[in-house]
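Residue numbers (this note's numbering): 13 to 200.
Shown next as structure tokens:
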């Protein structure tokens, strides 16, 4: 399946993941303006963007960039909808990464959630939708994601999914070394 020809929509009893769209901006602003949430976002290698957006205009620019990036096959960004509450509570991004470091032939996953969803069960439920199919969707041998030390609920969810903390550093395009990465290998 080529995710850039037809982006998959997946859901379970709690969450739905579907391609991000312009109409999500107002609800996404609640996520990206939340200072308690921003500390958990992975902005490594993002040219200084910390993803802390405080205006509707800046949020709209980000969504436009994400939609355009999908059209150019750089990455896929899904909106995460709480099915019962019918509201967008975050986004998840994935792309195939090839590099000259330990994190090559991997699907790099970025998960941005509103702080009230930064809970082990919610994170596990979201990840369970996407981790296994991502190996095929992004033609990779592993899935890699970041979880900083204070992200205890996230780390616990990752462990439940079979992710292991890596001692290796991810090397950015400018040579910066980034840590706090967790890896799940296909068929692990």
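Ideal Cβ positions, reconstructed from N, Cα and C, are used throughout, including at glycine.
Remember, it's a predicted structure, so these values are computed and weren't measured experimentally.
| Query | Result |
| --- | --- |
| Could you check where the beta strand (DSSP E) with residue 31 kicks off and where it finishes? | 27-31 |
| Residue 82 by DSSP, collapsed to three states: which one? | helix |
| Tell me, which residues are paired with residue 197 by DSSP? | 154 |
| Which partner residues of residue 137 appear in the DSSP bridge assignment? | DSSP output for residue 137 lists no bridge partner at all. |
| Nearest-angstrom Cα distance between residue 47 and residue 66? | 10 Å |
| Where do the ends of the alpha helix (DSSP H) carrying residue 166 lie? | 164-173 |
| Can you name the start and end residues of the beta strand (DSSP E) that residue 105 belongs to? | 99-109 |
| Are residue 81 and residue 36 touching if we call contact CB-CB under 8 Å? | no |
| Less than 7 Å separating the Cβ of residue 173 from some heavy atom of the ligand ATP? | Here there are no bound small molecules, and the ligand ATP is not part of this structure. |
| Report the three-state DSSP secondary structure of residue 129 (helix, strand or coil). | helix |
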